[in-house]
Amino acid sequence: MTLASTSAVGGVGISCRSVTSGYLGHPVLHEVSFSIDEPAIYVVLGPNGAGKTTLFRTLAGILRPTQGEVFVGGEPIDRQSSRDRLHYLSHVDGMPDGLTVREALGFYAAVEGATTADVERVLGQLEVADLAEKYLSELSAGQRKRVSIGRVFLRERSIYLLDEPTANLDPKLSREIRNLILRLSQNRIVLYSSHNLFEAREIGRYVLAIRSGRLAIFDRIENLRGTRYLIGLRTVEPTDALSDFTRQGDYFLRELPGPEAVPELISDVQRRGVKIREVREMDNPLEDLFT
Amino acid sequence: MATRGEPASLLGITVWRSFNTGRLYLVIGLVVSAFWAGILGATDSPTFDTIVPLLIPVLANTGTMGGMLVFTNDRVKGVLEYLLAYGVSPRRIFMNVLVASFVQVSIVTTLAIGAGVTVHFASGYGVDATFVRATLTYSVPMNFAVAAFVSTAGMFWTSLSTPRSGMNSPLGLLPLLGIAPPGLVLILTEALPGYYFVLTSGAAVVIAVAAIALIRNLDRLLPRERLLSPA
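If you read the sequences in order, they're chains A and B. Quick note: the first sequence uses this note's numbering, first residue 121, plus one each step. Quick note: the second sequence uses this note's numbering, first residue 1250, plus one each step.
Structure, rendered in structure tokens:
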């Protein structure tokens, strides 16, 4: 599948040609092909176990395909010149133990050929300068994630592979991270994996949906068919105050435009004097995408 | 966008991090080695000349802990995955850890020999050919052979599964792989004193051959997938 119009900086795109890849001879991805040239955020969507991380590891040259090839700027990924055009952020934070924030960024700077001036710039840019002398073990999960993401700002690259950068983060920090990535994506190709369709809609221009190791959808995000976001509320006591909700067993149902509308819904229900026992997503919007 | 050719070697930073991470084990190794070498240094020549060269390899492999802990932690935290993405080869990652282990083992060895010989001279004894020969044919080669063997086998072992405390960690493996071979030589030479040089030289050769075999087969033992975080 090819969605190419304008070119990325330096004419560097990334493509997969019939790539089959996996672990120790067991394939996870099956004959995945696509070509990306246009600078934009491409959200790689898929349920857990679909093969998103395997795709990122293969694109980054960590895993070698058992079949097919990955190209960056027209060159095979196993060339150093190709690797130098990529930044890769794994789903684990990748922060070395026993170092301070400044030392950790210095370690990454050494790997990437960046300078101490770059480290200082990133510390300021990500507003973590006051944490510079703290050990990574002393940081909160959010602070660690911020520092972890900081390493992709040490040097400019054409292509950014970001594997679930907002996983396990609270909504506020997720939004901050997404804003950082939006800033990063100016004239760059950013592949960003997520299992959240609504997050994809918020930041992505294109979607690559992976299911069972195969590329199921590659399209502009606005072309995805509408999906509903159905929230169910269970109350502490029986109530008549939610008569405008649909009932399903113990749950009062309400369709929302997306997760960002949940806090407002909860406030509305509480204003009616209803005590909430449970709030849950009743459907998996990602499953709807594939059906 | 400019490219930068080969990725950085990272040897210096790996050595520094292994000191930083394994400093507790290094200090223990230094103190215990210096203590026993010093105690034995005050004894008469035959005991000193034969026992100290045998004892050093038992204690010196505490110097391998720093490098192995860096390897284990980096794998779990996804640092190795990051290095692979930037073009650092698995072999280079391993060799950096190995060199870091050699540096620390050298420090323990040098201090232990230095402390023992200093105390021995200060006690009015001289060093004879047995000590020099045993140190050169056994202590020094055995130290590096054991360090290479423990590092290689330790990395292979920890790469096999999700690290847990105990036998999946390098700390759990050290007594088995690091201390057992020189410990066994120490016991055997006590039981068979007439075969002292056969046993010591033979053991050093066997462990060195095992370490070389492991290093030569590293690409098969440690495929890239084994370096990825199990998280």
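Virtual Cβ for every residue (Gly too), placed ideally from N, Cα, C.
Proximity to residue i [Cα-Cα], best of the options
i, options, result
"Leu179 (chain A)", "A:Lys292, A:His315, A:Tyr280 and A:Ile337", "A:Tyr280"
"Thr1386 (chain B)", "B:Trp1285, B:Leu1448, B:Leu1260 and B:Val1264", "B:Leu1448"
"Ala230 (chain A)", "B:Ile1262, B:Ala1397, B:Arg1465 and B:Glu1330", "B:Ile1262"
"Thr1313 (chain B)", "B:Asp1468, B:Val1458 and B:Ser1400", "B:Ser1400"
"Arg271 (chain A)", "A:Pro159, A:Gly226, A:Arg354 and A:Arg367", "A:Gly226"
"Tyr1374 (chain B)", "B:Asp1298, B:Arg1266, B:Pro1479 and B:Val1319", "B:Asp1298"
"Gln390 (chain A)", "A:Ala361, A:Val163 and A:Asp217", "A:Ala361"
"Tyr255 (chain A)", "A:Ala224, A:Pro167, A:Glu380 and A:Asp157", "A:Ala224"
"Leu165 (chain A)", "A:Asn307, A:Ala336, A:Arg199 and A:Ser155", "A:Ala336"
"Asn168 (chain A)", "A:Pro216, A:Glu284 and A:Asp213", "A:Glu284"
"Val1281 (chain B)", "B:Leu1360, B:Thr1292 and B:Asp1293", "B:Leu1360"
"Thr174 (chain A)", "A:Ser201, A:Leu144 and A:Val192", "A:Leu144"
"Glu151 (chain A)", "A:Thr186, A:Ser260, A:Arg241 and A:Val163", "A:Thr186"
"Arg1475 (chain B)", "B:Pro1442, B:Thr1311 and B:Val1325", "B:Val1325"
"Ser260 (chain A)", "A:Glu232, A:Arg241, A:Glu240 and A:Met215", "A:Met215"
"Ser314 (chain A)", "A:Arg177, A:Val163, A:Tyr208 and A:Asp388", "A:Val163"
"Asp217 (chain A)", "B:Gly1443, B:Glu1439, B:Tyr1445 and B:Ser1267", "B:Ser1267"
"Ile1356 (chain B)", "B:Val1264, B:Ile1456 and B:Gly1451", "B:Val1264"
"Pro1295 (chain B)", "B:Tyr1274, B:Ala1383 and B:Val1276", "B:Ala1383"
"Val1319 (chain B)", "A:Lys292, A:Ser210 and A:Leu219", "A:Leu219"
"Pro377 (chain A)", "A:Gln368, A:Thr140 and A:Tyr349", "A:Tyr349"
Where residue i sits in the DSSP three-state scheme
i, result
"Ser202 (chain A)", "helix"
"Val1301 (chain B)", "helix"
"Leu281 (chain A)", "strand"
"Leu123 (chain A)", "With a pLDDT of 39 at Leu123 (chain A), under the threshold of 50, the modelled position of that residue is not reliable, and the figure given next carries that caveat. If DSSP states are grouped into helix, strand and coil, Leu123 (chain A) belongs with the strands."
"Asp1468 (chain B)", "helix"
"Pro196 (chain A)", "strand"
"Ile1277 (chain B)", "helix"
"Ala1349 (chain B)", "helix"
"Asp339 (chain A)", "strand"
"Pro167 (chain A)", "coil"
"Pro147 (chain A)", "strand"
"His207 (chain A)", "strand"
"Phe1268 (chain B)", "helix"
"Arg264 (chain A)", "helix"
"Pro1412 (chain B)", "Residue confidence is low: Pro1412 (chain B) scores 48 on pLDDT, short of 50, so the model does not pin down where it sits. No coordinate-derived value is stated."
"Gly352 (chain A)", "strand"
"Leu311 (chain A)", "strand"
Proximity below 8 Å, CB of residue i to CB of residue j
i, j, result
"Phe1405 (chain B)", "Leu1471 (chain B)", "yes"
"Ala1309 (chain B)", "Thr1358 (chain B)", "yes"
"Ser278 (chain A)", "Arg203 (chain A)", "no"
"Ile182 (chain A)", "Glu1330 (chain B)", "yes"
"Ile351 (chain A)", "Pro159 (chain A)", "no"
"Ser153 (chain A)", "Ser138 (chain A)", "yes"
"Leu1463 (chain B)", "Phe1398 (chain B)", "yes"
"Ala1334 (chain B)", "Val212 (chain A)", "no"
"Val1354 (chain B)", "Gly1287 (chain B)", "no"
"Ala234 (chain A)", "Arg275 (chain A)", "yes"
"Leu311 (chain A)", "Leu289 (chain A)", "no"
"Phe1343 (chain B)", "Leu1467 (chain B)", "yes"
"Leu1481 (chain B)", "Val1307 (chain B)", "Look at the range of chain B in this structure, 1250 to 1480, and you will see that residue 1481 (chain B) is not part of it."
"Ala1283 (chain B)", "Gly1315 (chain B)", "no"
"Val192 (chain A)", "Val239 (chain A)", "no"
"Leu302 (chain A)", "Ile323 (chain A)", "yes"
Other residues of its chain near residue i: CB distance less than 8 Å, five sequence neighbours each side excluded
i, result
"Gln263 (chain A)", "Val248 and Leu251"
"Ala1453 (chain B)", "Thr1386, Tyr1387, Pro1390, Met1391 and Ala1394"
"Ser1258 (chain B)", "Arg1341 and Asn1345"
"Arg1473 (chain B)", "Leu1333 and Pro1339"
Neighbourhood of residue i by C-beta, 6 Å cutoff - its chain only, sequence neighbours within 5 removed
i, result
"Gly171 (chain A)", "Val148, Leu149, Ile330 and Gly333"
"Val1337 (chain B)", "Pro1256"
"Thr286 (chain A)", "Ser294 and Ile297"
"Gly1327 (chain B)", "Ser1478"
"Pro379 (chain A)", "Phe318"
"Arg354 (chain A)", "Asp370, Tyr371, Arg397 and Glu398"
"Arg142 (chain A)", "Contrary to the premise, residue 142 (chain A) reads as Gly rather than Arg in this sequence. Cβ neighbours of Gly142 (chain A) beyond the five flanking positions: Val148."
"Arg400 (chain A)", "Gly352"
Contact set for residue i: own chain, Cβ-Cβ below 7 Å, skip 5 residues either direction
i, result
"Arg374 (chain A)", "Ile351, Phe365 and Leu385"
"Arg340 (chain A)", "Arg325 and Tyr326"
"Val221 (chain A)", "Val248, Leu251, Ala252, Lys254, Leu256 and Val267"
"Val394 (chain A)", "Thr355, Thr359, Ala361 and Leu362"
"Gly1427 (chain B)", "Asn1310, Thr1313, Val1395 and Val1399"
"Pro1430 (chain B)", "Val1395, Ala1452 and Ile1456"
"Val242 (chain A)", "Leu225, Gly270, Phe273 and Leu274"
Contact set between the stretch 229 to 244 of chain A and chain B, restricted to residues whose Cβ is under 8 Å from the partner: For the stretch 229 to 244 of chain A, the set of residues with a beta-carbon nearer than 8 Å to any beta-carbon of chain B comprises Ala230, Val231, Glu232 and Gly233, in chain order.
Where the stretch 1462 to 1476 of chain B meets chain A: residues whose CB sits under 9 Å from a CB there: If the cut-off is 9 Å between Cβ atoms, the stretch 1462 to 1476 of chain B has Pro1472, Arg1473, Glu1474, Arg1475 and Leu1476 near chain A.
Contact list for the stretch 1263 to 1295 of chain B against chain A, Cβ threshold 8 Å: Answer set for the stretch 1263 to 1295 of chain B: Arg1266, Asn1269 and Thr1270.
Chain-ordered residues of the stretch 141 to 154 of chain A with a beta carbon less than 8 Å from chain B: Taken in chain order, the members of the stretch 141 to 154 of chain A whose beta-carbon sits within less than 8 Å of a beta-carbon on chain B are Tyr143 and Leu144.
Residues in the stretch 175 to 196 of chain A having any Cβ partner in chain B nearer than 8 Å: Here the close residues are Arg177, Ala180, Gly181, Ile182, Leu183 and Arg184.
Short-range partners of chain E found in the stretch 1326 to 1338 of chain B, where Cβ spacing is below 8 Å: The question asks about chain E, but that chain is absent: this structure's protein chains are A and B.
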